[in-house]
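Residue numbers (this note's numbering): 661 to 1222.
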Ligand code: KIV
Ligand code: ZN
């Protein structure tokens, strides 16, 4: 903002709370969760969900484990009303799930709401009226505090009268001083206490006081102070469930909720992936998985986040950002070389340690949780662009294609591939990485090409003879070599043919994971005798011996590449 713009804003007042307790608390258990996807979430959509879409979404929310679901504002529109009726009439509400309906504290809307819930087994009737000075002045035309408080009392009184009209339905009552986030605390308290007086909750039949962060005007610590202040001052606290409902205007919905829980709240309203008015409501997935990542069970199952995201994106027509915590396409992906190295080391080490002690706590650099716990595979963890390093490239070749390159081969292969990514100026796919690796290092046939290779084991015990037909720089040669193994015999043949200007310095081989024809991969490192240069080549073949020879020839071809 420009300085002249900044001048029109003011600091948000602090809460006087000298003995605040919340900073010393930690979150030890999950709150009661209430999904408001079908209300706050739906009302914020450019194209609201149809009844069929809402029915599908409701079923998904139940399957995730929500036990309280706000199903809309049935007095506001026919779609909302019809949706609720279908839930009830078609018996779609699981035994242990309580629906919640929202309504303003207005006479005819409250009456219509009670018509809508008739026949439900259990329902939370959630009434609200706006209480902040700004709303009193602007929206209600300079209404006084008393007038606003009386709106709450009248609404609460009517609700109390209507409860007996739905005898089959167990009613739980909820009140929200809407715009609590910028309401004077003493006045929010006055409104809540007035409603508590009307509804007379008991510890056995609690009511819910929801304290919405309707618009986030300030920092999460001030929100926590406000919640703690209310928890300390509300009358009959043991008969109340204090509920949070944070929005995300300052991008701190999650932090405000977490600190609000530390400040004493019992319940949290929010949506999947933070859908909702403006910048959205609290992202429940985020808070719940944050808890899981500290070893706290939440009752919500987000183990298949990708499917959940797809349903969400289809029915809401919203998109989840690539960097959205836990669910975004890129949140378990590392492009940076040093991150890739650390992740690869962490995953390898964990693989080894878990075999000895399956209860070992999670601990992999850069990954707060195991991606597999939210249904993500390791496949996309490491992606390759010009920022990537050797470790990442080796990881992709290993995880995606089954090539477990020797560690000392990583720099040679890594440099070649990321130089390519740099030149292209874009990310490389796993298949492109494999193709580049093959093109440069595997089964190279020029200038040296092996035409025929036969082993004869009839030589002296422990020795073998190889008969070779070879092409070098277009010239064919035939001959034999003797050694204690095929590679050794071939090296002796090369020596006799005047092509041994190297020594073999390293070798390894392994079966290829998942290779359809059970291929083997072999890696041979040679050292150029003249220059001392070290070069790795790779061979792939159904026979492990041939793979080794091909690896040696590939290394030789790299040594003699023009
Ligand atoms: O954000 C809000 O204040 C609300 C209320 C209706 C609870 O959604
Ligand atoms: Zn809201």
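Note that CB positions come from ideal geometry on N, CA and C, so glycine has one too.
For residue i versus residue j, is the C-beta spacing smaller than 8 angstroms?
i	j	result
residue 1112	residue 1142	no
residue 1149	residue 1186	no
residue 762	residue 753	no
residue 796	residue 803	yes
residue 903	residue 843	no
residue 770	residue 818	yes
residue 1218	residue 1195	yes
residue 760	residue 737	no
residue 1213	residue 1104	yes
residue 1207	residue 1181	yes
residue 1094	residue 1061	yes
residue 1051	residue 1070	yes
residue 722	residue 696	no
residue 713	residue 1034	no
residue 883	residue 940	no
Please identify the residue among the options whose C-alpha is closest to the C-alpha of residue i.
i	options	result
residue 954	1136, 1023, 1133	1023
residue 861	894, 984, 808, 996	894
residue 944	1151, 724, 1152	724
residue 744	764, 778, 950	778
residue 639	978, 948, 1090	No answer is possible for residue 639: it lies beyond the span of the chain, which begins at 661 and ends at 1222.
residue 878	673, 1137, 1042	673
residue 869	962, 856, 1065	856
residue 835	829, 730, 788	788
residue 838	823, 799, 1050, 825	799
residue 1120	1154, 1144, 1114, 1127	1144
residue 1197	1205, 1211, 1204	1211
residue 1170	946, 785, 1065, 968	1065
residue 1230	1026, 801, 985, 1079	It is not possible to answer for residue 1230, since the shown part of the chain is limited to 661 through 1222.
residue 1041	1056, 1220, 776	1056
residue 881	1166, 683, 1114	683
residue 1153	1128, 947, 733	1128
residue 1067	1168, 960, 1087, 898	1168
residue 815	829, 764, 805, 806	764
residue 1205	1220, 1188, 1132, 1114	1114
Rounded C-beta distance between residue i and residue j? I'm assuming under 8 angstroms.
i	j	result
residue 1044	residue 1081	6 angstroms
residue 901	residue 927	5 angstroms
residue 872	residue 840	5 angstroms
residue 931	residue 917	Incorrect: roughly 12 angstroms between the Cβ atoms, too far for contact.
residue 925	residue 887	6 angstroms
residue 812	residue 854	6 angstroms
residue 885	residue 675	4 angstroms
residue 995	residue 1048	6 angstroms
residue 980	residue 1102	So it is not a contact: roughly 39 angstroms between Cβ atoms.
residue 951	residue 685	With 8 angstroms as the limit, residue 951 and residue 685 do not qualify as a contact, their Cβ atoms being about 14 angstroms apart.
residue 1161	residue 1135	So it is not a contact: roughly 17 angstroms between Cβ atoms.
residue 693	residue 741	Not confirmed; about 25 angstroms, so no contact.
residue 908	residue 949	Between residue 949 and residue 908 the Cβ distance is about 17 angstroms, and since that is not below 8 angstroms, they are no contact.
residue 731	residue 677	Between residue 677 and residue 731 the Cβ distance is about 36 angstroms, and since that is not below 8 angstroms, they are no contact.
Does the beta carbon of residue i fall short of 7 angstroms from some heavy atom of the ligand KIV?
i	result
residue 838	yes
residue 1070	no
residue 872	yes
residue 904	no
Express the C-alpha separation of residue j and residue i in angstroms, rounding to a whole number.
i	j	result
residue 1054	residue 1139	37 angstroms
residue 687	residue 958	12 angstroms
residue 1010	residue 1019	11 angstroms
residue 831	residue 970	34 angstroms
residue 1116	residue 1146	10 angstroms
residue 663	residue 670	13 angstroms
residue 1072	residue 987	35 angstroms
residue 700	residue 935	8 angstroms
residue 711	residue 773	18 angstroms
residue 766	residue 858	16 angstroms
residue 1107	residue 1130	10 angstroms
residue 1184	residue 1109	16 angstroms
residue 751	residue 1001	53 angstroms
residue 690	residue 929	13 angstroms
residue 826	residue 786	15 angstroms
residue 719	residue 999	39 angstroms
residue 1222	residue 1203	30 angstroms
Check whether the Cβ of residue i sits closer than 7 angstroms to any heavy atom of the ligand ZN, and report yes or no.
i	result
residue 914	no
residue 941	yes
residue 883	no
residue 700	yes
residue 936	yes
residue 999	no
residue 786	no
residue 689	no
The ligand GDP heavy atoms versus the CB of residue i: any closer than 7 angstroms?
i	result
residue 762	This structure lacks the ligand GDP; its bound ligands are the ligand KIV and the ligand ZN.
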